[in-house]
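Written out below as structure tokens is the structure these notes cover.
And the structure:
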């Protein structure tokens with residue numbers, strides 16, 4: 173990379189999340205046609221960041237001459253939806269990434285750092301093995317902000333949310349992919365459910381999604397909006413809600429259902445697809461790149477469709493909301509007719525009251 177990497181990281185990722193290290197490494201492995209991705213996390217405790225290492229291993233195509241050349245040239249991209257800068261997030265959190273890639277009887281070894289200029293060592297005589305390893309060492313931050321960044325259960329959930337469109341497409345096409353996440357630690361902390369653990373994503377086991385297609389004159393007269401969704405009740409499950417736009421193969425979360433808006437025990441997935449969203453994400457792929465007015469319309473239309481589905485799939489939501497609104501009207505009769513009646517999911521009592529009060533004084 174003929175560029176100052178230290179400055180490039182700050183320019184393209186001013187506010188990155190540690191999760192993005194996992195996201196970018198997994199995305200690279202999937203781009204390389206891996207069917208097995210293994211994430212190994214080692215850390216003594218959250219307070220001992222000097223012990224924190226990650227190794228991510230896959231059986232993909234590896235750093236062939238073509239792939240290595242592409243990797244070494246920042247901002248050079250071949251496919252729509254690839255920004256060419258994702259790997260820079262590695263250096264925002266780790267001083268060095270040791271890369272070892274075995275492919276086509278060859279082995280390529282190099283170290284990604286802020287001084288990387290394309291140097292690598294290539295050797296032959298390694299047979300038919302396909303194995304690429306990225307070892308992240310020398311964590312550069314003073315602390316890790318959350319246990320969720322190192323706990324397999326939380327990382328699994330984050331990966332599912334981030335890659336759901338691609339993972340589901342793998343399932344539809346009967347394409348194999350397993351992603352395992354393993355944590356090793358010498359100092360478990362039961363208070364935060366922090367202990368050695370292993371979790372796995374297997375695309376063959378993710379929920380089937382239903383599809384409803386529609387058009388909206390407010391957005392475009394001709395382009396379809398495809399809403400893929402799943403509403404499943406699972407006994408004892410913690411409520412999980414994914415509401416997102418699918419943009420260039422990844423999910424960009426859109427807050428349509430408020431926290432606590434779904435009854436306990438449900439797993440909810442709503443993914444909105446459209447060609448209209450192609451390329452509408454910023455260079456770090458963290459945020460949507462569309463104006464506020466356009467996003468407001470999309471969120472409203474998205475929410476209206478979700479309400480239609482939830483009225484059928486979880487009718488108790490509508491019943492509970494009617495009881496909540498009636499209770500508010502009885503307590504605050506001067507606000508009758510002003511309470512929110514188009515809530516996506518369960519009505520937040522305090523929020524509904526605030527909205528009604530604002531409307532009253534307008």
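In this note's numbering, the protein residues as written are 173 to 534.
Every residue, glycine too, gets a C-beta built ideally from N, C-alpha and C.
Helix, strand or coil at residue i [DSSP, three-state]
{"i": "residue 452", "result": "coil"}
{"i": "residue 350", "result": "strand"}
{"i": "residue 504", "result": "coil"}
{"i": "residue 373", "result": "strand"}
{"i": "residue 209", "result": "strand"}
{"i": "residue 487", "result": "helix"}
{"i": "residue 511", "result": "coil"}
{"i": "residue 300", "result": "coil"}
{"i": "residue 247", "result": "Note that residue 247 has pLDDT 43, beneath the 50 cutoff, so the model's placement of it is unreliable and the number below is only indicative. It is coil, neither helix nor strand."}
{"i": "residue 472", "result": "helix"}
{"i": "residue 319", "result": "helix"}
{"i": "residue 499", "result": "helix"}
{"i": "residue 481", "result": "helix"}
{"i": "residue 392", "result": "strand"}
{"i": "residue 381", "result": "coil"}
{"i": "residue 423", "result": "strand"}
{"i": "residue 405", "result": "strand"}
Proximity to residue i [Cα-Cα], best of the options
{"i": "residue 359", "options": "331, 382, 426, 219", "result": "219"}
{"i": "residue 378", "options": "503, 286, 242, 403", "result": "403"}
{"i": "residue 336", "options": "440, 469, 289, 493", "result": "440"}
{"i": "residue 194", "options": "283, 468, 320", "result": "320"}
{"i": "residue 427", "options": "419, 420, 442", "result": "442"}
{"i": "residue 390", "options": "302, 448, 226, 425", "result": "448"}
{"i": "residue 476", "options": "436, 517, 493, 452", "result": "517"}
{"i": "residue 213", "options": "369, 301, 341", "result": "369"}
{"i": "residue 269", "options": "525, 418, 307, 425", "result": "307"}
{"i": "residue 425", "options": "527, 431, 417", "result": "417"}
{"i": "residue 356", "options": "524, 489, 225", "result": "225"}
{"i": "residue 298", "options": "280, 310, 290", "result": "280"}
Rounded Cβ spacing between residue i and residue j (contact assumed at less than 8 Å)
{"i": "residue 521", "j": "residue 507", "result": "So it is not a contact: roughly 13 Å between Cβ atoms."}
{"i": "residue 313", "j": "residue 221", "result": "7 Å"}
{"i": "residue 371", "j": "residue 333", "result": "Not a contact, Cβ separation roughly 14 Å."}
Continuous alpha helix (DSSP H) stretch holding residue i: start and end
{"i": "residue 342", "result": "324 to 344"}
{"i": "residue 285", "result": "No alpha helix (DSSP H) holds residue 285; DSSP gives it neither H nor E."}
{"i": "residue 240", "result": "237 to 244"}
{"i": "residue 265", "result": "260 to 265"}
Cβ neighbour criterion (16 or more within 10 Å) applied to residue i
{"i": "residue 293", "result": "exposed"}
{"i": "residue 532", "result": "exposed"}
{"i": "residue 196", "result": "buried"}
{"i": "residue 253", "result": "Low confidence applies here, because residue 253 scores a pLDDT of 46, under 50, leaving its location unreliable and the question unanswered by this model."}
{"i": "residue 274", "result": "buried"}
{"i": "residue 380", "result": "exposed"}
Residue i beta carbon near the ligand NAD (any heavy atom closer than 8 Å)
{"i": "residue 430", "result": "This structure simply doesn't include the ligand NAD, nor any ligand for that matter."}
Opening and closing residue of the beta strand (DSSP E) in which residue i lies
{"i": "residue 527", "result": "It is not in any beta strand (DSSP E) - residue 527 instead sits in the alpha helix (DSSP H) that spans 521 to 533."}
{"i": "residue 191", "result": "Run containing residue 191: none in the beta strand (DSSP E); it sits in the alpha helix (DSSP H), 191 to 203."}
{"i": "residue 230", "result": "225 to 230"}
{"i": "residue 438", "result": "438 to 445"}
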